[in-house]
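Step one of this worksheet: look at the structure below.
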Amino acid sequence: MITLKVRGLKNFKLDKKQYFPQVAPTTPIGLNDVAEQIEKQSTVSLADIKGVLDALQEVVLEAMADGYSVRLGDLGSFRPTISAVKSREKQEDVSADDIKSVRVRFTPAPALTRSLLPSNVQLKLKRPNA
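Quick note: the sequence shown uses my numbering, first residue 4, plus one each step.
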């Protein structure tokens, strides 16, 4: 179940406050929590699962550092992106020194996107105490 909260923001075009639903903050589950849930659903030991998940993290980090995108089945893909400091007028003037930052972009797989459609998840609106 996804818990929602009501958020109000001023709409400057209409000059009034408007309200909309937003996902309420939650405590994220950690890698150990994921490993424990996998253990309950399989015959693999918790230690082996943690080892595999740790290795997965390392492989993804290394692949991303080498410029590869990483596709994880029905979850989605991670790929590196860059932000340049400025553009150059000539192609030969462009260099790696023009890179301001390297970031990670996650693109969900269609299966993940479908599983999170409002018709496929339970939504609960948590209203503030009035």
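Think of the CB as a built atom: it goes at the ideal place given N, C-alpha and C, for glycine as much as any other residue.
Collapsed DSSP secondary structure at residue i in the structure displayed
i, result
"residue 33", "coil"
"residue 54", "helix"
"residue 113", "helix"
Selection from the options that minimises the alpha carbon distance to residue i
i, options, result
"residue 109", "127, 99, 81, 90", "81"
"residue 102", "111, 87, 113", "87"
Bridge partner(s) assigned by DSSP for residue i
i, result
"residue 12", "21"
"residue 87", "102"
"residue 75", "79"
7 Å CB neighbourhood of residue i in its chain, flanking five on each side removed
i, result
"residue 39", "49"
"residue 34", "56"
"residue 130", "9"
"residue 111", "79"
8 Å CB neighbourhood of residue i in its chain, flanking five on each side removed
i, result
"residue 115", "77, 78, 79"
"residue 30", "none"
Proximal residues to residue i (C-beta, below 6 Å), its chain only, five neighbours per side dropped
i, result
"residue 72", "80, 82"
Residue-level contact to chain B via CB, residue i, 8 Å cutoff
i, result
"residue 61", "Looking at the structure shown, chain B is missing, and only one protein chain is on hand."
- Three CB pairs or more closer than 8 Å across the segment 60-71 and the segment 41-51: no
- Are the segment 119-129 and the segment 92-99 touching by the rule of at least three beta carbon pairs closer than 8 Å? no
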